[in-house]
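Enquirer: Residue numbers (numbering that gives the first Met the number 0), protein chains in the order written: chain A, 0 to 313; chain B, 0 to 313; chain C, 0 to 435.
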Amino acid sequence: MTITATDSRTHRTSARRRPARTSMLKSTRFSSVTRPRRSALLTALTSIALIYSLLPLVWLVLNATKPQAELFTSFGLWFSDSFHLIENIAATLSYDDGIYTRWLLNTILYVVAGAGGATLLAVAGGYGLAKFNFPGRRAVFAVVIGAAAVPGTALAVPTFLMFSQLELTNTPWSVIIPSLISPFALYLMWVFAAEAVPTELMEAARMDGASEFRIFWQIAAPLLAPGTVTVALFTTVATWNNYFLPLIMLRDSSWYPLTLGLNAWNSQASTAGGEAVFDLVITGSLLMILPLIAVFLLLQRFWQAGLSAGSVKE
Amino acid sequence: MTVAAPVAHVADPAESSQPPVATPPPRRGKWTGWAFVGPFMVVFAFVFLAPIIYSLWLSLFRDQMVGGNQFVGLENYIQAFGDQQLWRALGRVTLFLVIQVPVMLGIALLVALAIDSGRLHGKNFFRIAVFMPYAVPAVVATLMWGFMYGTQFGLVANFNDMFGLNIPSPLAPEWVLLAIGNIVTWQFVGYNMLIFYSALRVIPHSLYEAAEIDGAGQWRIITAIKLPAIRSAMVIATIFSIIGSFQLFNEPSILQAMAPNSISSSFTPNLYAYSLSFAGQQFNYAATVAIIMGVITMLVAYVVQLRGMREDMR
Amino acid sequence: MLALTRGRRRALAGAAALALVITSCADNGTSEVDEDIAAEGGELLLWGWTGVYEDIAEAYMEENPEVTVEVQNVGTNEDQYTALQNAVAAGSGIPDLAQIEYYAIPQFAIADSLADLSELGAEDLEGTYTPGPWDSVTMEGGIWGLPIDSGPMAFFYNAALLEEHGIEVPETWEDFAQAARDLNEADPDVYLAADTGDAGFATSMIWQSGGRPYQVDGTSVSIDFSEPETQRWAELWNELIEDEVLAPITAWSDEWYQGMANGTIASLTTGAWMGSNLQSGVEEGHGDWRVAPMPQWEGEEFTTAENGGSSIAIMEDSDNKELAYDFLQFASNGGGADLARDQGVFPATVERLEDEDYLNEEVEYFGDQQVYQVLAESADSVAEGRQYLPFHVHAISIFNDTAGQAYVSDTTLSEGLEEWGEQSAAYGNEQGFDVE
Numbered sequence: 000m001t002i003t004a005t006d007s008r009t010h011r012t013s014a015r016r017r018p019a020r021t022s023m024l025k026s027t028r029f030s031s032v033t034r035p036r037r038s039a040l041l042t043a044l045t046s047i048a049l050i051y052s053l054l055p056l057v058w059l060v061l062n063a064t065k066p067q068a069e070l071f072t073s074f075g076l077w078f079s080d081s082f083h084l085i086e087n088i089a090a091t092l093s094y095d096d097g098i099y100t101r102w103l104l105n106t107i108l109y110v111v112a113g114a115g116g117a118t119l120l121a122v123a124g125g126y127g128l129a130k131f132n133f134p135g136r137r138a139v140f141a142v143v144i145g146a147a148a149v150p151g152t153a154l155a156v157p158t159f160l161m162f163s164q165l166e167l168t169n170t171p172w173s174v175i176i177p178s179l180i181s182p183f184a185l186y187l188m189w190v191f192a193a194e195a196v197p198t199e200l201m202e203a204a205r206m207d208g209a210s211e212f213r214i215f216w217q218i219a220a221p222l223l224a225p226g227t228v229t230v231a232l233f234t235t236v237a238t239w240n241n242y243f244l245p246l247i248m249l250r251d252s253s254w255y256p257l258t259l260g261l262n263a264w265n266s267q268a269s270t271a272g273g274e275a276v277f278d279l280v281i282t283g284s285l286l287m288i289l290p291l292i293a294v295f296l297l298l299q300r301f302w303q304a305g306l307s308a309g310s311v312k313e
Numbered sequence: 000m001t002v003a004a005p006v007a008h009v010a011d012p013a014e015s016s017q018p019p020v021a022t023p024p025p026r027r028g029k030w031t032g033w034a035f036v037g038p039f040m041v042v043f044a045f046v047f048l049a050p051i052i053y054s055l056w057l058s059l060f061r062d063q064m065v066g067g068n069q070f071v072g073l074e075n076y077i078q079a080f081g082d083q084q085l086w087r088a089l090g091r092v093t094l095f096l097v098i099q100v101p102v103m104l105g106i107a108l109l110v111a112l113a114i115d116s117g118r119l120h121g122k123n124f125f126r127i128a129v130f131m132p133y134a135v136p137a138v139v140a141t142l143m144w145g146f147m148y149g150t151q152f153g154l155v156a157n158f159n160d161m162f163g164l165n166i167p168s169p170l171a172p173e174w175v176l177l178a179i180g181n182i183v184t185w186q187f188v189g190y191n192m193l194i195f196y197s198a199l200r201v202i203p204h205s206l207y208e209a210a211e212i213d214g215a216g217q218w219r220i221i222t223a224i225k226l227p228a229i230r231s232a233m234v235i236a237t238i239f240s241i242i243g244s245f246q247l248f249n250e251p252s253i254l255q256a257m258a259p260n261s262i263s264s265s266f267t268p269n270l271y272a273y274s275l276s277f278a279g280q281q282f283n284y285a286a287t288v289a290i291i292m293g294v295i296t297m298l299v300a301y302v303v304q305l306r307g308m309r310e311d312m313r
Numbered sequence: 000m001l002a003l004t005r006g007r008r009r010a011l012a013g014a015a016a017l018a019l020v021i022t023s024c025a026d027n028g029t030s031e032v033d034e035d036i037a038a039e040g041g042e043l044l045l046w047g048w049t050g051v052y053e054d055i056a057e058a059y060m061e062e063n064p065e066v067t068v069e070v071q072n073v074g075t076n077e078d079q080y081t082a083l084q085n086a087v088a089a090g091s092g093i094p095d096l097a098q099i100e101y102y103a104i105p106q107f108a109i110a111d112s113l114a115d116l117s118e119l120g121a122e123d124l125e126g127t128y129t130p131g132p133w134d135s136v137t138m139e140g141g142i143w144g145l146p147i148d149s150g151p152m153a154f155f156y157n158a159a160l161l162e163e164h165g166i167e168v169p170e171t172w173e174d175f176a177q178a179a180r181d182l183n184e185a186d187p188d189v190y191l192a193a194d195t196g197d198a199g200f201a202t203s204m205i206w207q208s209g210g211r212p213y214q215v216d217g218t219s220v221s222i223d224f225s226e227p228e229t230q231r232w233a234e235l236w237n238e239l240i241e242d243e244v245l246a247p248i249t250a251w252s253d254e255w256y257q258g259m260a261n262g263t264i265a266s267l268t269t270g271a272w273m274g275s276n277l278q279s280g281v282e283e284g285h286g287d288w289r290v291a292p293m294p295q296w297e298g299e300e301f302t303t304a305e306n307g308g309s310s311i312a313i314m315e316d317s318d319n320k321e322l323a324y325d326f327l328q329f330a331s332n333g334g335g336a337d338l339a340r341d342q343g344v345f346p347a348t349v350e351r352l353e354d355e356d357y358l359n360e361e362v363e364y365f366g367d368q369q370v371y372q373v374l375a376e377s378a379d380s381v382a383e384g385r386q387y388l389p390f391h392v393h394a395i396s397i398f399n400d401t402a403g404q405a406y407v408s409d410t411t412l413s414e415g416l417e418e419w420g421e422q423s424a425a426y427g428n429e430q431g432f433d434v435e
């Protein structure tokens, strides 16, 4: 966790090295009242929230080490007699001809195409909204926000019926296309682009005869990077965790994302002749959240900068 | 919590005094902006607007298993206004909203302030750990908490046995809303904390120095500088959470399998719309419910936004 | 055609046996599936969630190399029905064949979503199935699916646990109630049974008791939970709920499996298919569990009921009905059915059920008990005349909203059932049925 170096002292020095423009975005403040002392009491109090957040994850890790029988008979927050983590992982990956791997690959496909596309659309859209005055700009805001308030689950059926008429259901497209739109991402990029891309810079480029596309690609895009990473991560989480949309769109389990697959495993116990595989559900859940956590940890420096500068400003 | 893509909006950047509006109109063709916003809007129209319009259309018909499809005008709306189940469901999510949202945002704010104060030992660990549950899909989170809620063999049972307690089943009808509130809180505390924390980080530290010279203590700095500075972040988070509460679906729908008598098929408006269209094949009435809920959500979000903004101007 | 089917329905209601004769009117000469249809080849898509379907499809393809049968698991029961209804509503993506549980057959049949198998020659198969399943796939003068398994009910119990507490296996429901109280008194952590309200269980119990709450005649439907036969079960069960001697554990949850594994739940009164679920889900119970006949109402003739069970139906929109029927016969009544039985599916065909080798098989899990004899006896004694609502899938979805409240509030089970009936009726009327 030290890679982030957001500790006040290191932060100050690194900020000094930054070009002036960036420091506008990413403030150089110390932590609070100039030289705070560490407080054991505050640490202890905040630890309550920490325990609350981590306890279920600890439960998940511990229970992923248990064979199914001991899952039912051992204390939830400690190991059971046998340590079955490796066996459980192997069973999860090999069960039903290794369908878990297939679901993982599907999920990755949906994330790359869906979240990737959503990020591109949001970055371009946010930039367009922030940096150009065009007819209907205000209407875009009203319409996007208004539509987003309609419950998604309830729109599911009309969407499903529409997609079936286009013969898109039960194909990856039916999951990818709706994932391409994130009103939140658009908003974030809008606010971010307004600040991160100086209009003077664009003007200067225009004087030099650069095309609008080139200005976007070569000048704006690098400046938008922190916001882009933030948006990419949030849309990744949304797509990675997507459950409801694939639930209605997909029938063929070989196109399932992990969320649907795990739920299918969980409900499999409830059928005549069905095999209860709660151990695989738990291990599969653990395996599923690890990549996201890893991505968050690795990229935290970027997305936090994006979030600070973009989503909220005083 | 949010089923559809998350949505945040506070200030309409096109209307407020924020930088987006300060953008001078570019010299080139006034339609250039559409080249960037267009792709987003095309997909948006396809996956958001078209289903909404289709829903409006559907809500004017009634399709019966016996008797077929017929135009009924506004009859579905009239039926909805007298529909006890719908209003009870709305009452339930409203109750959820007024209790869960303040608790969640309160915890998030306290943790954000604690981390921001610089007085914690290992603050980076705190920040990442509290945020981690956000990476857990709602499906996995609900399955996990569902396992733990068990009074027979779950963690609740373990605690009852160990400490001789008599914790009632969190999934009993009286408690189930709280049980759901807990899952949602667990998932989103970290996310909201991060929004607040990011807003806190960009407060210019010169403000703190000035306050310190004036002899202000920690508490005074929080109330006089920090909280006002992150008001817009709090409004974002609140509106987010309101939309999320009104759209509550994943958690109750997965818990339903474990607590069928506590979570009725019309527990939340969204679950009701889902049951209507899927178990009941009442697509038309479900579309009506969806539209009514969309309008209510928009109104509430709008009022909160208006209030938040008005106080901002003071 | 309509007039004909109506005539046939009356005949069925009058005397089931005569139906065979009358239905032959429907044959138009091509009813017998061409033996060579499978040799011509083709592709079939089957939706089903039971694991054995994959193996049946493979066995069929081995015999008929020109045919490809693809099995898709699109979700378990309600989830699959939803997908199926959606596909039908959208008019695309409809499979050729689909697994449909007996209670859902009327709903799909009345919506004209299913092919009438009597047009493909299925009435020839009458008599080859046990009465319960066959009853469930025939209605409105048509045959809407062929049975794959059946669920005649029996009393599955943890013998070691009952013995430990000196509880006898109950023969009547009165005994059962007493045993439930005694056992829970002996050890408050042990329950004779778990129940938090299950529509399938409740209606099966009512059925066994002699209640016939649903009467369906085309689009006119009556719902009545006030019959004395219904009420006597509701009252007996309500007392058990009020005395808190039924474990408040929802069936099929992880706690439920846990409860059976660790001796919290001592018995289950359910369909014959439970045997294979116990073996896979409750390994710890190996050797401890046994099967006894379903408890009876004192002084009455031995009667059981069906609970659950699935059929495979051919979808009306399939372009390949004859080939689908060829596969279906294999799956339901041919090599596929043999294979299924070998994998623990409880057979719905008389031939497989009455097979001596099967009946005499000693099942190791059940302490070498010859459990199939108990189950076969149950299959033979299933009460006749059960009907499901033509909107039963929806009715089940609101069971816990209504009757389920008896388990968590002051509402009695009788009141809950009445409310269930009323809400079901309201839905039926909204859907254009004539419900009273």
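Virtual Cβ for every residue (Gly too), placed ideally from N, Cα, C.
1. Any C-beta of chain B within less than 7 Å: which residues of the stretch 225 to 258 of chain C qualify?
2. Please report the residue range of the alpha helix (DSSP H) in which M147(B) lies.
3. Alpha carbon to alpha carbon, what distance is there between G307(C) and T258(A)?
4. Per DSSP, what kind of secondary structure is F295(A) in: helix, strand or coil?
5. Determine the contact status of T81(C) and A278(B), defining contact as a CB-CB distance below 9 Å.
6. If you measure from the beta carbon of I218(A) to each beta carbon in chain B, is any gap under 9 Å?
7. Does any C-beta atom of chain C lie closer than 9 Å to the C-beta of V129(B)?
8. Relative to the C-alpha of E305(C), which residue among V220(C), A336(C), Y102(C), I36(C) is closest?
9. From the beta carbon of H393(C), is the nearest beta carbon of chain B less than 9 Å away?
10. Can you tell me whether E391(C) is buried or exposed, with buried defined as 16 or more other CB within 10 angstroms of its CB?
11. Within 10 angstroms of its Cβ, does M287(A) collect 16 or more other Cβ (buried), or is it exposed?
12. Quick one: which unbroken alpha helix (DSSP H) runs of 4-plus residues sit fully inside the stretch 64 to 135 of chain B? Chain order, please.
13. If we count the other Cβ atoms within 10 Å of its Cβ and call it buried at 16 or more, is S208(C) buried or exposed?
14. Got a sec? Which residues, its chain only, sit under 8 Å from S377(C) by beta carbon, not counting five neighbours each side?
15. Can you list the alpha helix (DSSP H) stretches of 4 or more residues lying completely in the stretch 112 to 165 of chain C, in chain order?
16. Thinking C-alpha only, which one of S181(A), G124(A), F295(A) is nearest A193(A)?
17. Could you give the DSSP three-state label for S221(C): helix, strand or coil?
18. Quick one, are the C-beta atoms of I222(C) and G343(C) less than 9 Å apart?
19. For S275(C), which residues of its own chain have a beta-carbon under 6 Å away from its beta-carbon, when the five flanking residues on both sides are left out?
20. Since L232(A) contacts F295(A) with CB under 8 Å, what's their CB separation in whole angstroms?
21. Let's see if you can read the secondary structure: which residues bound the alpha helix (DSSP H) around D356(C)?
22. Taking beta-carbon pairs under 9 Å, can you tell me which members of the stretch 273 to 285 of chain C lie near chain A?
23. Starting from V471(C), trace the alpha helix (DSSP H) in both directions and tell me its first and last residue.
24. Is the stretch 281 to 301 of chain C in contact with the stretch 64 to 83 of chain C, if contact means three or more CB pairs nearer than 8 Å?
25. May I ask you to report which of helix, strand or coil DSSP gives A382(C)?
26. What does DSSP give as the partner residue(s) for Q106(C) in the beta ladder?
27. So which residues of chain C does V65(B) contact, with C-beta pairs closer than 7 Å?
28. Counting beta carbon pairs with one atom in the stretch 53 to 64 of chain B and one in the stretch 286 to 299 of chain B, are three or more of them shorter than 8 Å?
29. Between S159(C) and the rest of its own chain, which residues show a CB-CB distance below 6 Å, the 5 nearest in sequence each way excluded?
30. Over the uninterrupted beta strand (DSSP E) stretch that includes L267(C), give me the two end residues.
31. List the residues of chain B whose Cβ lies closer than 9 Å to the Cβ of I109(C), in chain order.
32. Which bits of chain A does G92(C) rub up against, with CB to CB less than 9 Å?
Expert: The short version:
1. Answer in chain order: I248, T249, S252, D253, E254, Q257, G258.
2. As a first step, residue 147(B) must be located in the second sequence, where it is residue number 148. First-last of the alpha helix (DSSP H) with M147(B): 137 to 148.
3. Locating residue 258(A) in the first sequence gives position 259, where the first residue counts as 1. Locating residue 307(C) in the third sequence gives position 308, where the first residue counts as 1. C-alpha separation (whole angstroms): 28 Å.
4. Locating residue 295(A) in the first sequence gives position 296, where the first residue counts as 1. DSSP places F295(A) in helix when its eight states are reduced to three.
5. The residue labelled residue 81(C) in the question sits at position 82 within the third sequence. The residue labelled residue 278(B) in the question sits at position 279 within the second sequence. Yes.
6. Position 219 of the first sequence holds residue 218(A). Residue contact check for I218(A) against chain B: no CB pair falls below 9 Å.
7. For the purposes of this step, residue 129(B) is taken as the residue at position 130 of the second sequence. No, because no Cβ of chain C sits closer than 9 Å to the Cβ of V129(B).
8. Walking along the third sequence from the start, residue 305(C) turns up at place 306. It is Y102(C) whose Cα lies nearest to the Cα of E305(C).
9. Counted from its first residue, the third sequence places residue 393(C) at position 394. Chain B contact via Cβ: present.
10. Position 392 of the third sequence, counting from 1, holds the residue named residue 391(C). A quick correction: the sequence has His, not Glu, at residue 391(C). By the 10 Å Cβ count, H391(C) comes out buried.
11. One-based indexing of the first sequence puts residue 287(A) at position 288. M287(A) is buried by the Cβ-count criterion.
12. 74 to 80, 83 to 115, 122 to 130
13. Working through the third sequence from its first residue, we reach residue 208(C) at position 209. Label assigned to S208(C): buried.
14. Locating residue 377(C) in the third sequence gives position 378, where the first residue counts as 1. Within the same chain, S377(C) has close Cβ partners P151, M152, A153, A271, P292, M293, T303.
15. 130 to 136, 158 to 163
16. What you label residue 193(A) is simply residue 194 of the first sequence in a count that begins at 1. Looking at the Cα atoms, G124(A) is the closest of the given residues.
17. The residue given as residue 221(C) occupies position 222 in the third sequence. Three-state DSSP puts S221(C) in a strand.
18. Reading the third sequence from its first residue, position 223 is the one you call residue 222(C). Reading the third sequence from its first residue, position 344 is the one you call residue 343(C). Cβ atoms of I222(C) and G343(C): not closer than 9 Å.
19. Reading the third sequence from its first residue, position 276 is the one you call residue 275(C). Residues of the same chain with a CB within less than 6 Å of the CB of S275(C), apart from the 5 flanking positions on each side, are G343 in chain order.
20. Indexing the first sequence from 1 puts residue 232(A) at position 233. Indexing the first sequence from 1 puts residue 295(A) at position 296. Sure, about 7 Å apart at Cβ, within 8 Å.
21. Position 357 of the third sequence, counted from the first residue, corresponds to residue 356(C). Where D356(C) is concerned, the enclosing alpha helix (DSSP H) stretches over 355 to 358.
22. M273, S275, N276, S279, G280, V281, E282, E283
23. With chain C running from 0 to 435 in the structure shown, residue 471(C) is simply not present.
24. no
25. For the purposes of this step, residue 382(C) is taken as the residue at position 383 of the third sequence. Coil at A382(C), not helix or strand.
26. Locating residue 106(C) in the third sequence gives position 107, where the first residue counts as 1. Per DSSP, none; premise fails for Q106(C).
27. Along the second sequence, one-based indexing puts residue 65(B) at 66. Within chain C, the residues near V65(B) are T218, Q430, G431, F432.
28. yes
29. Here residue 159(C) is taken as the residue at index 160 of the third sequence, counted from 1. The sequence as given places Ala at residue 159(C); Ser does not occur at that position. Taken in chain order, the residues that qualify are D287.
30. Counted from its first residue, the third sequence places residue 267(C) at position 268. Start and end: 266 to 270.
31. Within the third sequence, the letter at position 110 stands for residue 109(C). Near I109(C) (Cβ distances below 9 Å), the residues of chain B are M64, V65.
32. Taking the third sequence and counting its residues from 1, the one referred to as residue 92(C) is at position 93. Those are S163, E166, T168, N169, R250, listed as they occur along chain A.
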